[in-house]
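Visitor:
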Amino acid sequence: MNWNTAVYIVMNPLFALVLSPLVLGLIKTVKARIQGRPGPPVLQQYYQLRKLFHKEIVYSEDSSFIVRLGPYLGIAFMLTASLFVPMVFIPQTGWFGNIILFFYLMITAKFFMVLGGLDAGSTFGGMGSSREMTVSSIIEPVTIMSCAALAFVLKTTSIPEMFRTLLAGSIFSYPTLILVGISLFIILIVESARVPVDNPETHLELTMIHEAMILEQSGPKLALVELASGVRQTVLMALLINVTFPWGLAGLAGCASLLLAAVTMAVKMLILAATVGLFESLLAKIRFFRLPDFFMIALFLSFITIVFELLR
Amino acid sequence: MDFPEFSSGIEDKEAVVQSLFWVGGALCLVATILPLVLLFRPSRLLRQAALWVLLAGTGAISAAAILVISRSLDLHLTLLSITPQLALSFRLDKLSCFFVVIIGAVSFCAVIYSMTYIAHYKSERSKQFLASGLAFFILAMLLVVASSTTFGFLFFWELMSLSSFFLVMFDLDKPETQKAGIFYFSMTQMGTIFLLASFLLLYRFTGSFDISAASNIPQWGKGLVFVSLFIGFGTKAGIIPFHKWLPYAHSASPSNVSALMSGVMLKVPIYGLVRFIIDVFRPDLWWGIVLLFFGSITALLGIIYAFKEHDLKKMLAYCSIENLGVIVVGLGLYVIFDFYGLRVQADLCIYGALFHTLNHALFKSSLFMTAGSVVQATGTRDIEQMGGLIKRMPGTGAIFLVGACAIAALPPLNGFASEIMIFQAYLTSFSLGRPILEILLMAGLAALALTSTLAAACFAKAFGIIFLARPRSGAASAAKEAPFAQLLAPGILAALCVGFGVFSYQLISNVKSGMPLPDMLPIGIIVLVLTGVTFLLLLLTRSPVRKTETWGCGIPSQTGKMEYSGDGFSEPIVTVFKPVFRTRKLSTREFYDKYNSIPKSSSGEIGTLKFFEERLYVPIARFFMKIAGAVSNLHNVDMDALILYSFIAVVLVILGVGWWL
Amino acid sequence: MQTVLPVVYAALPLVLILIFWALGRHGLGQDNRFLNLFVILQTALFLVATTWAFAAFKLPLGFLHGDYFYIDSLSLYEILVTSMVFLLAAVYSRGYVSSLVEAGELDGSILRLFYGFFCLLEMVTVLAFASNNLALLWIFAELSTLFSSALIVTLKARENIVAALKYVFVASTAMLFSFIGIIILFAVSKTAINGGSLNWTSLFDAAHNMDPRLFFLAFSFLFLGFAAKAGVAPFHTWVPTAYIRAPSAVAVVSGTVLNLGLYAVLRLYAIGYAAGAGINLRLFLFIFGLFGIAVAGFSMLKRTNTKKIIAFSGVESAGLLLIAFGLASATALYWALFYVLGYSLVKSLLFFSAGIFHRQYQSNKYFAARQALKLQPLASWGLILGSAAAAGTPLFPIFLAKWNILAVLGEVSAGMLGATLFFLLPAVIGLGYYFIRLFRQEPGGEIKAFRTPLSMKLPIIVCLTSILLLGLWVPGGLDNTLGRIVASLGF
Amino acid sequence: MMNTGITGDLIEVLFVLILGTAAFVITQRALRSLFTLYTIQSVILAAIAVVLFAEHRTVSLLFIALLTLVIKGFVIPAFLRRTLVVLPSKRDIEFSYLTPASSILLSAVLLFIVYTSFSNVAEVLFSDRLFFLGGVIGVSLALMGMMVIFSRKKVVSKIVGYLTMENGVLLFGLFIAEMPFIIEVLIVIDLFMLIVLSTIMAFGIDSSIEAFHKKLTQLGMRFED
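As structure tokens, this is what we get:
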């Protein structure tokens, strides 16, 4: 393992970790502004985390080691997954980056969250877990199809390779990527539990999915869970950004270029976050059982991409 | 037996393998007979001795097979020539030994498991039968895959079917056994008939019973043999629509047997498919498409059915159907890619399918064993009656969790390690250049993706409902941890699941280098390190910990009844897949008067439509029974009619002969 | 030395009949164990003589100038099978008939008659196999109908009379057509042999001079009767009724009568094949064989009576054997003959076990058999393994035979193979379906176990052991004999 | 050679008579007349044998005629009549599957079928047309006997049907080939035993077991002796 990789391994997750509360905060702010409220400060999420880290942990008497272990595993798998999407620069070695493994690592993180939701025996947790699993099951074909579309367009299954290819060309050489981009955007919405799929703001029984599932988590454990969701969102956003607009990504690691790339990425990320916030504000929550229709759009687009690519 | 140094010549190794193989087989046979020796005075000692002998036997055979694989040997052995053409001959090459290892290793663990599991049956005599039947079943399976002739293959295949049939019928007291038995027997026999047909067709074209002799066959014959083989093997492997026996049989049989049936016996038809379709023949494109199509359907429907099931063992059985579907998808893709010369993808698929075969054997038998312990501890198979078991059976629960993660294809465990190979092949199929076929492949890909996350959902539910939260019944709260042997056996398998997952890249590279696969080892290390680091960091916060009741919206003391149930958990997905779970409503009303205005009685029933059973199996069975009824009625007559039959036959013969002359 | 055979085969039973007659109605004449001893003696002597003939004599043997009696390998093989089955049945009767007498189902005064017919049946069956003359064979076959129906009537029930009458009428009306066939064959033989002949040997030697068309005509008439004896559909109708009414020991020995019919068909087919009528005859046999398998298979799906399902299994194997004969191949014939041996043992095993069940439950219906595995373990396993064997499971001889016969069939015609397999399936499933239901009965209350005497267990054990042996090992002597038979029939 | 001359005409007349008796056997309801018809049929058969003897001078034909006359003309009918004593009903009025009229029609069809079936091999198998006709009538007679068996209810009438079949076979034998005499004898003996047995059993059908045994005693037949 050379220094390039070492830097990457440390830096990429850290970048996601640090940036994710900001992204979350920005989305909230954007939404608040559109609703005509001042909204919380952009940095509110950081305060939130600090507060949580100082609170006590409350466990249910009925819970087992699962609920205790879940958050660790969740964040660990999430951060591992974040290694797969270069956010600042593209490393040279290639043992990570497989797009399928990337998505499955995220599922693994989710799997332990779901078990955590079931552990306490609370009805809320059960309901949240059940819905989370449902949504993630039916979005999976879309996800894999988008992966396939990416692979078909860029002729590789490694995410860093994809980015490298993209950097070498221009968006005009891969027009179909716009379609994939829309798919990825939908996946992003779904995976980060946003309107119209989920409503992160409420704990109402009718709408809640993700938030209900983590209801029994508390204190630092909740912070870990929140962080993990944040990282998930950030990483997916990074993927979307780099697929549709990779420029600014550093090909090689040098101190200056790294800094530049990091800033560029952060800016792009914030723009996307604002878009997400806007998007969320424009749409109403979809009924739970209408979700498959919504996902079908993404599936269709990925499929169209593949067909396009095949006929080209 | 003395072991010559492995460094010596190849002949010595062959001799070692040979003697290990024979000794192992003989030990299994001894283990079959031993418990039955004193049938009328059953002795525990003999039974345990038999199990130890069986353990040694499976161990020896596995060792032989591993030796063959590691040294790339190719041995031909003959046990017995009934006549010169009908020999029970064996061929130990890499492929067959791969399956021998699977069977041997899983059986090894199953035998360990049985040591204490068998003890919970009441009747002494039935315990002896179970031990003996187990040994015979294992021996038969081992010899099927080792057979080098179609004759031997079918010979041991039938023995395998028969012995497993007896094992399924073992719990004769249970009413559902009859249904399971009838389904299993009929379907198995149907499968055997198709296999028989294809073997005999092969003989017609090649004039030989040798498996590897099937080279120059006319095209139509090849197709016919393929279809017949596919139905034959598909029936045994539980390929939808030939799957219906599987959930019944697996849930009715003792758990050590279901572990073997699901973990191992289902792999035997896979061996057959691989051997015949890929090793012996040069497959056509449409074979691949057929395999892919049925594999995808099987995988998807299998897991959807599994998800709805709340009988623990039935759920696992449906899940086996799903996994077998995945394996068949791999084989189908291999055929397609191989046909178009995409070497890398083809290799990915075939090795992926084989690896998944191994992996499924490991995690599924581990799951069945732990499930068996759970069923034994709670006395029910209904997961709605369970709950909270992880605190009562922590070992079992932990092992089940590993198995569940593996089967849910979560990295870095082995289930994912093999599924990714197939995904990888799908995703890199862009160089195929056949748009229509490609679109078909993408449909398959979507189905496979759905399958694998549904599996995750399914096992999240299974683990959550069985082991987490509060007990939902008295039996569950009184459950006790299983004895050591029943933890050891699935524990070994679970450890292998982790090992084969984390070291999958290294393992595969050993067999075939240059596969475009991710290395799971660093992933595993990173996850471990990150977990550790987070754990340590969190320790630093030194947050106080408090234990309290689960929040229940203000309800003071919640009971197990208020928890989210298994059916509740699966409800959303069931709703999404409404077309699959069609409900059947039956209502009948009777009236006193002919104008249907004064109701007399009415009855109604709503249930899930068991589509394949009610729309496919039952109509066919009914059709056959109708014919059978008609034919039987022809016999329930007086003498006049019998003479009339003879008379008609005589007149017809006279007519026919006159016409012929 | 050779004269020992006619002495044993023909004189011994007649002497026994005289002894029985002399014993009178009282005392020893009503003592089952005493009478049974004689029968065991006779059947054992038959078996010893036959085995000895195999070992010591150079076949073929001719008696009365070889015109009327003539024993070659095939005959001796069939005689061996027959006498084996009879010996087993005789031993079995020792306990079985006692139990019948105790239960009042068999009158003590009829015992002498019963055993007398038993001995006579063995005599005529063996003599039929030993006949060189077709007409003589016909007579003995008729007599065997007579004696076995007489054995059926010995049980005191009206249904037995009905069953016996069905047997007599179905079999003998068909046999009359056989006689027409004999007449035609005689006429045909006149074209080839000076003065005509009905001797197997002469017919076989002169076969190539016969007109194949005429032989076909003769064969088709001859077939009708022997098909009825062999239980070939649609002349099989007497088989199920006769078998369920007959006492198990009688049902077992009636099985040899089925072999008799098949034996005659085989001989005739061999001649026809030599005469060049092979193709026509093959079609003929295929049609009847397939029809038989189909009828039997579908009938087996709906059975509720143990003995009846065994009977239909016999009909099914008759169909399969016809197909095997029709193949006219050395391999198929070899295994068909092997099948005859194996199936005789399997069927005996099944009937012996069913007999114990009948003594236990006083019924042959499956739903009567409660707690069977507990009360009668040996008979239960006899039925289980026997039905597995009959269904053609490996480890048992029928699997080997079926495999080979079907392999040859596949070579001849793939379509025919498919059709046969299709119709074999319901038969196998029928067996399984029946026995699964039988052994999965609700246990019910306490049932008094029938104490099975050793004499009833012994034949079951012998049958089981021998079929397990034959399933894995074709003894050298058997292999030789079968090979010789096949060669002697000209295939 | 026999088509000309008186023997040929005579035989043709006898054929017609045989067919006539067969038709009556099919339709006759009174058991006693049924037996008489059978006797007549057997006597005609013997007559045919005698006529053939007159032409061919084969001694075995004479023996056959004699045997037929004795066994079928006297012994069997006598035995049957004796059984009639103990039968509760002396008439067999039920018919199954076929009414008498349709039976007659069917017989005609059968005759035609057998005729066409055999016509292909007639030249080879039969020495001339008359013999061919005899053979055809023989087989048809056998089939008609079978019709009697399945269309009549009483076992006794079934036995007559069987006997008719046997006559048909014999007729066929007379016209196709000269059989070794010993065989004929054996067949007749067999026939006799078969008839005795089935007659004995026939009583069992209509009565209880005790009554059956009693009736057997009346007839002087007991199983025991």
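Chains as they are written, first to last, in the numbering used here: chain Z, 306 to 617; chain E, 388 to 1048; chain F, 216 to 706; chain Y, 38 to 262. Glycine included, C-beta positions come from ideal geometry on N, C-alpha and C.
1. Could you work out which residues of chain F lie near tyrosine 1032 of chain E, taking near to mean beta carbons separated by less than 7 Å?
2. So, is valine 222 of chain F buried or exposed, given that buried needs 16 or more other C-beta atoms within 10 angstroms?
3. Using beta-carbon positions only, say whether glycine 534 of chain F and isoleucine 508 of chain F come within less than 8 Å of one another.
4. Measuring only between beta-carbons, confirm whether aspartate 426 of chain F sits less than 8 Å from chain Y.
5. Compare the beta carbon distance of serine 387 of chain F and threonine 360 of chain F with 8 Å and say whether it is the shorter of the two.
6. For the alpha helix (DSSP H) containing leucine 704 of chain F, list its first residue and its last residue.
7. Between the C-alpha atoms of threonine 136 of chain Y and isoleucine 63 of chain Y, what's the straight-line distance to the nearest angstrom?
8. Closest to alanine 583 of chain F by C-alpha separation, out of F:Val555, F:Met299, F:Arg497, F:Gly660, would be which residue?
9. Given a cut-off of 8 Å, decide if asparagine 801 of chain E and lysine 751 of chain E are closer than it, judged by their beta-carbon atoms.
10. For proline 634 of chain E and alanine 646 of chain E, I'd like the C-alpha separation in whole angstroms.
11. Could you please give the first and the last residue of the uninterrupted alpha helix (DSSP H) stretch that includes phenylalanine 90 of chain Y?
12. Using a threshold of 8 Å, state whether the C-beta atoms of leucine 349 of chain F and leucine 413 of chain F are closer than that.
13. Quick one: which chain Y residues come within Cβ less than 7 Å of phenylalanine 253 of chain F?
14. Per DSSP, what are the beta-bridge partners of asparagine 348 of chain F in this structure?
15. Name the chain E residues that come within less than 8 Å of methionine 202 of chain Y, Cβ to Cβ?
16. Could you tell me whether any Cβ in chain E is nearer than 8 Å to the Cβ of aspartate 503 of chain Z?
17. Evaluate the contact criterion for the stretch 567-587 of chain E versus the stretch 636-646 of chain F: three or more CB pairs, one atom per stretch, below 8 Å.
18. What's the gap between the Cα of methionine 702 of chain E and the Cα of methionine 808 of chain E?
19. Under 8 Å between the Cβ atoms of proline 228 of chain F and glutamate 337 of chain F?
20. Tell me, please, whether the stretch 506-525 of chain F touches the stretch 447-465 of chain F by the rule of three or more beta-carbon pairs shorter than 8 Å.
21. Cα separation between glycine 994 of chain E and leucine 855 of chain E?
22. Could you list which residues in chain Y have their beta carbon closer than 7 Å to that of threonine 388 of chain F, in chain order?
23. Between threonine 406 of chain F and isoleucine 399 of chain F, what straight-line distance do the alpha-carbon atoms span, to the nearest angstrom?
24. Tell me whether the stretch 759-772 of chain E and the stretch 846-864 of chain E touch, counting them as touching only if at least three CB pairs, one residue from each stretch, are closer than 8 Å.
25. Going by the beta-carbon positions, is the gap between leucine 74 of chain Y and leucine 207 of chain Y smaller than 8 Å?
26. Using a Cβ cut-off of 7 Å, pull out every chain E residue sitting near proline 608 of chain F, in sequence order please.
27. Look at the alpha carbon of asparagine 547 of chain Z and the alpha carbon of methionine 392 of chain Z, and state the distance between them as a whole number of angstroms.
28. Using a Cβ-Cβ distance cut-off of 8 Å, determine whether glutamate 320 of chain F contacts chain Y.
29. Any Cβ of chain F within less than 8 Å of the Cβ of alanine 179 of chain Y?
30. To the nearest angstrom, report how far apart methionine 38 of chain Y and leucine 162 of chain Y are at their CA atoms.
31. What are the boundary residues of the alpha helix (DSSP H) that includes glutamate 614 of chain Z?
32. Between phenylalanine 392 of chain F and chain Y, is there a C-beta pair that is closer than 8 Å?
33. Let me know the secondary structure DSSP gives asparagine 710 of chain E once reduced to three states.
34. Report yes if the C-beta of phenylalanine 344 of chain F is less than 7 Å from at least one heavy atom of the ligand ZN; otherwise report no.
35. Using 8 Å as the cut-off, can you tell me whether the stretch 420-429 of chain Z makes contact with the stretch 950-965 of chain E, which would need three or more C-beta pairs spanning the two stretches below that distance?
36. So, does the stretch 520-529 of chain Z touch the stretch 363-383 of chain Z, judging by three or more C-beta pairs under 8 Å?
Guide: In this structure, then:
1. Neighbours of tyrosine 1032 of chain E in chain F, taken as residues at a C-beta separation under 7 Å, are given in chain order as Pro449, Thr452.
2. exposed
3. yes
4. yes
5. Note that the C-beta distance between serine 387 of chain F and threonine 360 of chain F is below 8 Å.
6. Segment: none, leucine 704 of chain F is in no alpha helix (DSSP H) and carries neither H nor E.
7. Within the model, the alpha-carbon separation for threonine 136 of chain Y versus isoleucine 63 of chain Y is close to 10 Å.
8. Comparing Cα positions, the closest option is F:Gly660.
9. no
10. 13 Å
11. Here the alpha helix (DSSP H) through phenylalanine 90 of chain Y covers 68-93.
12. Cβ atoms of leucine 349 of chain F and leucine 413 of chain F: closer than 8 Å.
13. None at all; the shortest Cβ gap to chain Y is about 18 Å.
14. F:Asn414
15. The premise fails here: methionine 202 of chain Y is roughly 11 Å from chain E at the closest Cβ pair, so nothing lies under 8 Å.
16. no
17. yes
18. Distance between the alpha carbons of methionine 702 of chain E and methionine 808 of chain E: 26 Å.
19. yes
20. yes
21. 29 Å
22. Met183, Ile186, Tyr199, Met202
23. For threonine 406 of chain F and isoleucine 399 of chain F, the distance between alpha carbons rounds to 11 Å.
24. yes
25. no
26. The sequence shown places threonine at residue 608 of chain F, not proline. Chain E residues near threonine 608 of chain F: Glu545, Leu549.
27. 8 Å
28. no
29. yes
30. Since pLDDT at methionine 38 of chain Y reaches only 45, below the 50 mark, its modelled position is unreliable, and the value read off the structure follows with that caveat. Their Cα atoms are separated by approximately 16 Å.
31. From DSSP, the alpha helix (DSSP H) with glutamate 614 of chain Z extends over 596-616.
32. yes
33. helix
34. Although the ligand ZN was asked about, the structure shown includes no ligands whatsoever.
35. Judged by Cβ distances under 8 Å, the stretch 420-429 of chain Z makes contact with the stretch 950-965 of chain E, as three or more pairs qualify.
36. At 8 Å Cβ cutoff, the stretches touch.
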